[in-house]
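The structure under discussion appears below in the form of C-alpha cells.
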Amino acid sequence: MPHRNREGHRKRSLAVFPGSFDPITNGHLDIIGRSLSVFDQVTIAILVNPEKHPLFTVEERVAIIREAFPGEQRVQVDTFSGLLVDYAERVGASVIVRGLRAISDFEFEFQMALMNRRLNPRIETVFMMPAESYSYLSSRLVKEVFQLGGRVSELVPAVVERRLREKYGTGAAVRPPARPPSSKSERGIHSGASAPNSRSERGIHSGASAPNSKSERGIHSRASAPNSKSERGIHSRASVRARRT
Ligand code: ADP
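Residue numbers (our numbering): 31 to 275.
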C-alpha cells in the first residue's frame, strides 16, 4: 500500500544508492536506471572517507555524476559519512539499493543488509542485478584498464572517460608495473604498485597496505584501517557531515 502523508498525497519513494563511485560506471548507471523503475527518486550517496585515497575527489565525483545525469530530476547526488542507515533516515529514504554482480558479492552484502536492518528496521535493503554485460565491471577495473591503455568507452559514461584522460593525461599506461606479478590474480590483468583497498581489489591484485581480514571490514571503521565495502555498506567514520547537493 502506498505511503500517504497527512493530506492524503502519496509519499514519493526515495532510495539511497551508496558507494564510492570512484568513478561511476555503466554498471552503476544500470542499477540506477532499474531503481528509477521502482522508486520515484534515487539519491546517489558518495561515502566520504578521509582515510581513503580515491582517484577522484568527492567534489569531482559529485560533478561527474551530475554531468552523467543531465536534467534528471529524479536523481540526486549527495555525500555522507557516519552510519548509512542514519543517513537514509535523515534524508527520508526507506530503501537502500545495492548492486549484486555475482555470487561473490552476496555473502558480504547479506551480512551488511542484516546488520543495517538490525541498526534500523525501518530501512529496507533492496538488491538489483545489472545486465549480464556489466556483471564483471567495477570502478577499480575501469581505472586499471584505462591506465594500461585499454578502451573503456563502453564501460563508463563519456564524462568519466574524459575525466580519466584529464587525470592521467592519456589513455596509455602512465605507471609501469613496479614489480613482477606475484599472484595469479595480478597476472590476470596487470601488476601494479597501488594498494588495493577493497575486497574485490584484493581479488585481483595484491598490495601493501590493504585491510585483510573480515573483521576489519566489520561494522565500523576505525581511524586508519578499513577502506572497504563494509564502510560503504554500514558506515564510515564518526564525524558526520552529510551534505545535500
Ligand atoms: P562499493 O565498494 O560499496 O561496492 P561501489 O562504488 O564500487 O562501492 O559500488 C556501489 C554499489 O554499486 C554497490 O552496491 C556495488 O555492488 C554496485 N555496483 C558496482 N559496480 C556494479 C556493476 N558493474 N553492476 C552492478 N552493481 C554494481
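Yeah, the Cβ is synthetic: ideal placement off N, Cα and C, and Gly gets one too.
Check: Quick one: what's E119 bridged to in DSSP?; Outcome: Bridge partners of E119: none, in fact.
Check: Buried or exposed: A118, going by 16 or more other Cβ atoms within 10 Å of its Cβ?; Outcome: buried
Check: Is S236 helix, strand or coil by DSSP?; Outcome: For S236, the pLDDT reaches just 30, beneath the cut-off of 50, and the residue's location in the model is therefore unreliable, leaving the point undetermined.
Check: Would you report the Cα separation of L44 and G129, rounded to the nearest angstrom?; Outcome: 16 Å
Check: Taking 7 Å as the limit between beta carbons, can you name the residues of its chain near A161, skipping five residues before and five after?; Outcome: D60
Check: With G63 as the anchor, note down where its alpha helix (DSSP H) starts and where it stops.; Outcome: N56 to L66
Check: Buried or exposed, going by whether 16 or more other CB atoms sit within 10 Å of the CB of D70?; Outcome: exposed
Check: Could you check where the beta strand (DSSP E) with E154 kicks off and where it finishes?; Outcome: E154 to M158
Check: Can we count E139 as close to the ligand ADP, meaning its CB is less than 8 Å from some heavy atom?; Outcome: yes
Check: Can you tell me where the alpha helix (DSSP H) with Q177 in it begins and where it stops?; Outcome: S169 to Q177
Check: Rounded to the nearest angstrom, what separates I62 and F47 at their Cα positions?; Outcome: 8 Å
Check: Decide yes or no for the touch test of the region 169-180 against the region 133-150: beta carbon pairs closer than 8 Å, at least 3 of them.; Outcome: no
Check: Using C-beta distances below 6 Å, list every residue in its chain close to F109, excluding the 5 sequence neighbours before and after it, in chain order.; Outcome: What sits at residue 109 in the sequence shown is Thr, not Phe. Same-chain partners within the cutoff: I76, V78, V88 and R273.
Check: Quick one: what's got a C-beta closer than 7 Å to V175's C-beta in the same chain, skipping five residues either side?; Outcome: V182
Check: Report all residues from its chain with a CB closer than 6 Å to the CB of P84; omit the five preceding and five following residues, and keep chain order.; Outcome: D52
Check: DSSP on R4, reduced to helix/strand/coil?; Outcome: For residue 4 there is no data in the structure shown, the boundaries of the chain being 31 and 275.
Check: For Q141, report the span of its alpha helix (DSSP H) as first-last.; Outcome: I133 to L149
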